[in-house]
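To start, the structure under review is shown below, and the notes come after it.
In UniProt numbering, the protein residues as written are 1 to 472.
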């Protein structure tokens, strides 16, 4: 139950100019991929000697779902795979744009190859994953009409390649280099504690402020990532991505512009991300309360539209002006992620008992539709008698539309005389119960309240539904 992230163990868009600074990225990606290589980790602990990443429904099947022994044989040669299917049936029962019910699903195939087992090349790993996405509609976009995620697998129906990379570990595994097609939301700006929630996703502030929604589900893009673990409690990550996973307009859905995940663009102004990750009491033998802190930033080297001012010095809302936005050079955001365990049962791991989490971020107002974002939640794990693997909790999101965007809305009303909405914020609250049926199969009934979808106080919405997820 992860967001893209339904991925891990079962557990719209900024605008950029045309100037390109990614030639160096192409050289780095091609050169490093040919020279060293890289790996992904579908799960923190990896597959067992039978090639199964637990929890998996395979462990509940005869012969671990591998009657011919093919999966175990492939694992002995270094090749492992996971199949993960996620299905949501969700209804907007009140408010929004319209009421109604949708069914959506995502089948994901993850493949990992450890070169050491067959070739003796230590620390070199290949990873790829692909999606088959299908649905009867888009609940957030077409029914609620909001910007915050309601169910993170929502995407245009298609079959698409996601990540495709090589990773080389160095310095006895204390550092790694990863190159290929990457998704930033796999490693950056996330809280593991949030994965149980359907609305856990790449944040609204990055999705709306970065071109084509940024390198995050369902779009990945060529990139290069370096990770260093100088201490068991500290990791530092730096990455360079092609800055537009789908490519610049003509206007339209970025998922159409990169329908199959095969654009492999390297010519767009780059996106740079960095993050320091601190953690305490995350070891299996630790008994103290676990905690974590991540501090990060992103910087985009493209050009971005001013949200209020036109290039000719007038207001964008002025009917007599050019209507062409003033271009701002570069864009950035800063963020933090906090995780804290409040109660740890005897013998429990870092994410057992009662824990809270939060993510917070800010970006400049003049060139972004969103300038402030915060989310957070509380998770109760293993507290239901007789149900040690069940969880329940609540998660909230608050997205504030930027000062410049609100000023534009007021300008439109003042200059045209037409009544309209001054977009202020959007907020979500999700209540979630995650029930394990068997290891690798969970069912999650949810209720989500949405206030001010897309900043409109007249369209508060209420969503109910259920998610099922299977990992094999």
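Quick reminder that beta carbons are idealized off the backbone N, C-alpha and C, glycines included.
Helix, strand or coil at residue i according to DSSP, with G and I counted as helix
i: residue 424; result: coil
i: residue 117; result: helix
i: residue 463; result: strand
i: residue 199; result: coil
i: residue 255; result: helix
i: residue 330; result: strand
i: residue 204; result: helix
i: residue 24; result: Only weak support exists for where residue 24 lies, its pLDDT of 38 falling under 50; the value from the coordinates is given anyway. Of the three classes helix, strand and coil, the one that applies to residue 24 here is helix, per DSSP.
i: residue 387; result: strand
i: residue 343; result: strand
i: residue 453; result: helix
i: residue 161; result: strand
i: residue 224; result: strand
i: residue 53; result: coil
i: residue 65; result: helix
i: residue 408; result: helix
i: residue 156; result: coil
i: residue 477; result: Past the boundaries of the shown model lies residue 477; the chain is included only from 1 to 472, so the question cannot be answered.
i: residue 402; result: coil
i: residue 272; result: strand
i: residue 186; result: helix
i: residue 416; result: helix
i: residue 260; result: coil
Contacts around residue i, its chain only, beta-carbon distance under 6 angstroms, and the 5 residues preceding and following it disregarded
i: residue 452; result: 425 and 426
i: residue 354; result: 342, 343 and 380
i: residue 107; result: 85 and 132
i: residue 265; result: 242 and 247
i: residue 206; result: 214
i: residue 138; result: 154
Closest Cα partner of residue i within the set the options
i: residue 145; options: 470, 304, 462 and 471; result: 462
i: residue 256; options: 155, 420 and 52; result: 155
i: residue 298; options: 271, 65, 136 and 135; result: 271
i: residue 379; options: 203, 341 and 348; result: 341
i: residue 121; options: 111, 167 and 95; result: 167
i: residue 77; options: 174, 178, 96 and 49; result: 49
i: residue 126; options: 97, 441 and 181; result: 181
i: residue 229; options: 403, 172, 67 and 455; result: 172
i: residue 367; options: 403, 321, 67 and 148; result: 403
i: residue 202; options: 217, 369 and 423; result: 217
i: residue 135; options: 443, 151 and 373; result: 151
i: residue 169; options: 177, 316 and 53; result: 177
i: residue 269; options: 186, 221 and 280; result: 221
i: residue 237; options: 432, 439, 117 and 273; result: 273
i: residue 365; options: 375, 385, 244 and 333; result: 333
i: residue 429; options: 254, 362, 375 and 105; result: 375
i: residue 397; options: 304, 322, 194 and 253; result: 194
i: residue 275; options: 186, 104, 68 and 308; result: 186
i: residue 450; options: 249, 143 and 307; result: 143
i: residue 477; options: 231, 69, 87 and 212; result: As shown, the chain starts at 1 and ends at 472. That puts residue 477 outside it, with no answer to give.
Sequence-distant residues of its chain with Cβ nearer than 7 angstroms to residue i (five each side left out)
i: residue 158; result: 133, 259 and 260
i: residue 284; result: 349
i: residue 191; result: 337, 339, 357 and 359
i: residue 141; result: none
i: residue 317; result: 408, 411, 412 and 415
Cβ-Cβ distance between residue i and residue j below 8 angstroms
i: residue 246; j: residue 208; result: no
i: residue 233; j: residue 293; result: no
i: residue 80; j: residue 55; result: no
i: residue 421; j: residue 456; result: yes
i: residue 454; j: residue 199; result: no
i: residue 372; j: residue 296; result: no
i: residue 204; j: residue 148; result: yes
i: residue 310; j: residue 289; result: no
i: residue 438; j: residue 469; result: no
i: residue 83; j: residue 118; result: no
i: residue 329; j: residue 370; result: no
i: residue 128; j: residue 163; result: yes
i: residue 130; j: residue 161; result: yes
i: residue 175; j: residue 472; result: no
i: residue 331; j: residue 282; result: no
i: residue 459; j: residue 51; result: no
i: residue 254; j: residue 291; result: no
Proximity test, residue i beta-carbon vs the ligand FAD heavy atom, cut-off 7 angstroms
i: residue 346; result: In the structure on display, the ligand FAD does not appear, and there are no ligands present to speak of.
Close Cβ partners of residue i (< 8 angstroms) along its chain, the five nearest in sequence each way excluded
i: residue 30; result: At residue 30, the pLDDT of 34 sits below 50, so the modelled position is not reliable; the number obtained from the coordinates is stated separately. Nothing meets the Cβ criterion.
i: residue 444; result: 1, 196, 198, 432, 433, 434, 435, 466, 467, 468 and 469
i: residue 382; result: 345, 348, 352, 353, 388, 389, 390 and 391
i: residue 322; result: 310, 311, 312 and 314
Quick check: the segment 71-91 against the segment 464-472, are at least 3 beta-carbon pairs closer than 8 angstroms?
yes
Inspect the CB distances between the segment 219-232 and the segment 385-393 and report whether three or more fall short of 8 angstroms.
no
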